[in-house]
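Student: Before we start, here is the structure in question, set down as structure tokens.
Numbering (the working numbering), first residue to last: 209 to 445.
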């Protein structure tokens, strides 16, 4: 059984390495898209957007595989005695396929929305747009902001609206400055897993940068919030 567990751990490690390579490739594709926009070659931007979408799908597939592999490993550990006493070795392939199918059924309906709200897809659109529209929001930015306020403005660590948001260059996720620095303190100068559920990227002080675009969105969102003037008037009466 220990050999099976080691094999599974090796596969998980390989998949996670592939995920990091995909994230890096997306970052490079975004940089190329910005350079093309700056040089006026915007006819190529649509092709790069398709590339980003393909990379996101690849990352999602790899992440689903990692989840299935980990589930199989945990299943073997939980039932170690049962498998050890059995004359037949566990069918790892069948177990993996079953777990994989379960994960895919859960996420199939959400794939399109996940792509559009993926941090790298949003970063691609925002950075390309900013080349010729510095300081301006995307045309559909207000709609996106209203639809995704909870997911975009809430820090995954503090669970409250972000303050001084810092973005992880490895995956594009953002966190409140105080919260992420506190999260990283326990490892000194090392790195930790991104605290966003389902993200396999790592974060460290060196991968963080100020998220000016998100700061502007939060300020615009705060200005739109209704005041409590009516409540005050009632209390005065």
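Backbone N, C-alpha and C fix where the C-beta goes; we use that ideal spot for every residue, glycine too.
(1) Could you spell out where the beta strand (DSSP E) holding residue 417 opens and where it closes?
(2) Is the number of C-beta pairs between the region 236-243 and the region 266-275 that are closer than 8 Å three or more?
(3) Would you call the CB atoms of residue 373 and residue 419 closer than 9 Å?
(4) Go to residue 373, then tell me how far its beta strand (DSSP E) extends in each direction, as first and last residue.
(5) Closest by CA to residue 241, which one among 224, 259 and 226?
(6) To the nearest angstrom, report how far apart residue 353 and residue 342 are at their CA atoms.
(7) Using beta-carbon positions only, say whether residue 389 and residue 422 come within less than 9 Å of one another.
(8) Using the three-state DSSP reduction, which class does residue 212 fall into: helix, strand or coil?
(9) For residue 413 versus residue 392, is the C-beta spacing smaller than 9 Å?
(10) From 279, 252 and 382, pick the residue whose C-alpha is nearest to that of residue 369; which is it?
(11) Measure the Cβ-Cβ separation of residue 284 and residue 212 and say whether it is below 9 Å.
Tutor: Answer, in terms of the structure:
(1) Note, residue 417: beta strand (DSSP E), 416-418.
(2) Verdict: no, contact absent.
(3) With respect to residue 419, residue 373 sits close: the two C-beta atoms are nearer than 9 Å.
(4) Taken as a continuous stretch (DSSP letters only), the beta strand (DSSP E) holding residue 373 covers 373-376.
(5) It is 259 whose Cα lies nearest to the Cα of residue 241.
(6) Summary for residue 353: the model assigns pLDDT 42, below 50, so the residue's position carries little reliability; its value from the coordinates is reported in the next sentence. Approximately 18 Å between the Cα atoms of the pair.
(7) Taking 9 Å as the Cβ cut-off, residue 389 and residue 422 do not qualify as a contacting pair.
(8) In the three-state reduction of the DSSP assignment, residue 212 falls in the helix class, which pools H, G and I.
(9) Taking 9 Å as the Cβ cut-off, residue 413 and residue 392 qualify as a contacting pair.
(10) Its Cα nearest to that of residue 369, the residue 382 stands out among 279, 252 and 382.
(11) Going by C-beta atoms, residue 284 is nearer than 9 Å to residue 212.
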